[in-house]
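This report refers to the structure that appears directly beneath it.
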Amino acid sequence: MNTDNTNKPVSIQSSPTNLRPKKRKRKLGYETTVVDRIFDFFNYTIFILFGLICIFPFYYLFINTISSNDLVRTGQIKWFPRGIHFDNYLSLLHVNELGTSALVSVARTILGTALMVLASAFVGYLVTKKKMWGRKFIYRFIIITMYFNAGLIPWYLNMSMMGLTNNFWGYIIPGIMAPFNIILVKTYIESIPTDLEESAEIDGAGPFTIFRRIILPLSKPILATIAIFGAVGNWNSFIDSMILMSGKPALYTLQYRLYIYLTSTTDLSALMSSGGSISDNIINATLNMRTIRLTVAMVTILPIILVYPFMQRFFEKGIMIGAVKG
41 MNTDNTNKPV
51 SIQSSPTNLR
61 PKKRKRKLGY
71 ETTVVDRIFD
81 FFNYTIFILF
91 GLICIFPFYY
101 LFINTISSND
111 LVRTGQIKWF
121 PRGIHFDNYL
131 SLLHVNELGT
141 SALVSVARTI
151 LGTALMVLAS
161 AFVGYLVTKK
171 KMWGRKFIYR
181 FIIITMYFNA
191 GLIPWYLNMS
201 MMGLTNNFWG
211 YIIPGIMAPF
221 NIILVKTYIE
231 SIPTDLEESA
241 EIDGAGPFTI
251 FRRIILPLSK
261 PILATIAIFG
271 AVGNWNSFID
281 SMILMSGKPA
291 LYTLQYRLYI
301 YLTSTTDLSA
311 LMSSGGSISD
321 NIINATLNMR
331 TIRLTVAMVT
341 ILPIILVYPF
351 MQRFFEKGIM
361 IGAVKG
């Protein structure tokens with residue numbers, strides 16, 4: 041019996057290589073040209089040089105604090121430290137005023153920044169509520185203080201009448217309300233979906249509960265941003281210490297103490313350069329004051345340098361989101 045195989049499908053065997061798709065080379069990015077490479081070279085070179093220019097003053101200050109004091113006095117320390125020692129930093133422990141000034145600066149920075157951030161967050165949240173009476177007037181009244189002020193003498197008289205001269209609270213109370221920070225917080229809170237607050241109100245949450253449980257946790261980027269502003273401003277400020285605390289040296293900040301050392305060294309150096317008679321004790325005091333000035337300057341800027349890198353990611357995110365709409 042013959043079998044007819046004409047109706048059976050014919051199987052076609054293909055080699056595995058024929059079924060594989062052809063590999064194509066994928067180009068990552070774009071094809072660079074000679075002009076692009078030249079541009080990248082000059083771009084990187086300029087930014088590296090700019091970074092070195094920004095870093096060099098701190099490096100120069102540091103190598104002068106750990107080098108031999110005699111070499112520092114004669115200006116022989118330029119690029120690298122010589123005669124390395126850390127006696128200058130240890131000598132700061134024997135300067136009585138510096139410990140108290142450091143405590144005042146730290147207390148002012150922590151307390152002033154915390155109260156400023158809390159006030160900015162709460163006021164920024166309140167002026168976003170349409171139910172608040174006089175919301176637009178209060179917000180505009182706060183903003184107008186950025187453009188108009190009474191001046192230095194009326195400000196001092198006002199602080200004096202409120203009893204804030206020679207008083208630690210003279211550092212704290214004037215800086216609690218910061219209009220620019222309130223603007224940033226208000227703009228950021230307006231970007232938060234209102235559905236979150238409405239759902240919380242349905243569940244029975246009040247304004248303070250919503251602010252504490254929802255607004256504050258979601259506003260960490262912008263709060264960290266204004267915290268950097270407040271911390272740097274409080275730490276570096278010394279004009280208010282010079283004007284308000286003139287009768288109470290125990291409340292001098294570290295920055296104002298550095299200013300005193302700077303002016304004292306300048307006066308003694310001018311006396312030496314004028315050719316006037318000056319005793320060996322004053323010369324030694326001048327040299328010692330110079331090393332103290334450099335060392336205190338390094339200690340003063342060190343906290344901000346160490347803290348800022350950890351806050352930078354919050355700073356970039358917060359300042360960008362807070363600037364989307366006004």
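Going by the working numbering, the first residue of the sequence shown is number 41, and it counts up by one from there.
We treat Cβ as the ideally placed atom computed from N, Cα and C, and that holds for glycine.
Just so it is clear, the structure is predicted and the values come from calculations on it, not from any experiment.
I279 and R175 have their C-alpha atoms roughly 34 angstroms apart. Counting only runs of 4 or more residues that sit fully inside the segment 90-115, the alpha helix (DSSP H) segments are 109-113, in chain order. In terms of Cβ geometry, W275 and P343 form a close pair [threshold 9 angstroms]. Taking the Cα positions, F102 is about 42 angstroms away from I182.
Contact check for I106 against I124 passes: the beta carbons are separated by less than 9 angstroms. For the pair N221 and M199, the Cα-to-Cα distance works out to about 23 angstroms. Closest option to T234, judged by alpha-carbon separation, among Y301, I250, Y100 and Y179: I250. DSSP places A290 within a helical segment (H, G or I) once states are collapsed to three. Each of L130, N104 and Y129 was checked against the Cα of R122, and the nearest Cα belongs to N104. By the Cβ rule, the segment 256-263 counts as touching the segment 226-240, because three or more pairs are nearer than 8 angstroms. Take the alpha-carbon of V74 and the one of Y99: they are about 36 angstroms apart. Here S145 is near T293, since their CB atoms are less than 9 angstroms apart. Between Y211 and L158, the C-beta gap is not smaller than 9 angstroms, which leaves the two residues out of contact.
Taking C-beta atoms as the reference points, M156 and A218 count as a pair closer than 9 angstroms. Just measuring C-alpha positions, the residue of L236, N206, M282 and L166 sitting nearest L192 is M282. With 16 or more other Cβ atoms from the protein chains shown falling within 10 Å of its own Cβ, N128 counts as buried. Looking from the CA of G215, the closest CA among I150, V336, W173 and I300 belongs to I150.
Inter-residue distance for I117 and I223 is about 47 angstroms (C-alpha atoms, whole angstroms). Judged by DSSP secondary structure, I184 falls within the alpha helix (DSSP H) whose first and last residues are R175 to I184.
Per DSSP, the continuous alpha helix (DSSP H) segment holding M201 begins and ends at L192 to M201.
One thing to note: R297 has its Cβ within 9 angstroms of the Cβ of V336.
Rounded to whole angstroms, the Cβ separation of R333 and L302 is 6 angstroms, and the two are in contact under 8 angstroms.
M338 and E137 have their C-alpha atoms spaced approximately 17 angstroms apart.
G152 sits away from T205, with the two beta carbons spaced by 9 angstroms or more. Excluding sequence positions up to five before and after S141, its CB lies within less than 8 angstroms of the CB of Y292, T293, L294, Y296 and R297, all in the same chain and listed in chain order. Minimum Cα-Cα distance from I266 among the listed residues I232, S160, F126 and A147 corresponds to S160. L263 counts as buried, since no fewer than 16 other beta carbons sit within 10 angstroms of its beta carbon.
If you draw a straight line from the Cα of F90 to the Cα of D80, it is about 15 angstroms long. DSSP, read as helix, strand or coil, puts P261 in helix.
Annotation for T227: the continuous alpha helix (DSSP H) segment containing it runs P219 to E230. Non-local C-beta neighbours of M186 in its own chain, meaning closer than 8 angstroms and more than five positions away in sequence, comprise P219 and F220, ordered along the chain. Inside the segment 126-171, DSSP marks whole alpha helix (DSSP H) runs of 4 or more residues at positions 127-131 and 136-166, from first to last along the chain. Cα atoms of T85 and L92: separation of roughly 11 angstroms, rounded to the nearest angstrom. Distance between I232 and I178, taken at the CA atoms: about 22 angstroms.
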